[in-house]
Structure formats: C-alpha cells, structure tokens
Amino acid sequence: NFKRLLVRYERRAEMHEAMLALGCCLVCFRRLRSSI
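Quick note: the sequence shown, position 3, residue 52 per my numbering, numbers continuous.
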C-alpha cells in the first residue's frame, strides 16, 4: 500500500516538474518575443 502511494507521489512530482518547465518556457518565449 505504501509502495503504491509512493509511486503515485512520484508521478505527481513528475507532472509538477513538467508544468514548471512548461511555464518557464512560456515566460522565456514571451520575454524573447517582446525584446525582439
């Protein structure tokens, strides 16, 4: 049961990291586009 909970937590952490990376890409893209 604990192992299953750990796997679920890891998957959620991966999703969180992906969302953060996507947000950073969007911010960088907007800054680049506005500076050009």
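Glycine included, every Cβ here is placed at the ideal spot set by N, Cα and C. Model, not experiment: these values are computed from the prediction.
Whole angstroms is fine: what's the gap from residue i's alpha carbon to residue j's?
| i | j | result |
| --- | --- | --- |
| S83 | N50 | 50 Å |
| A67 | C74 | 11 Å |
| R79 | A70 | 14 Å |
| M64 | R53 | 17 Å |
| G72 | L55 | 26 Å |
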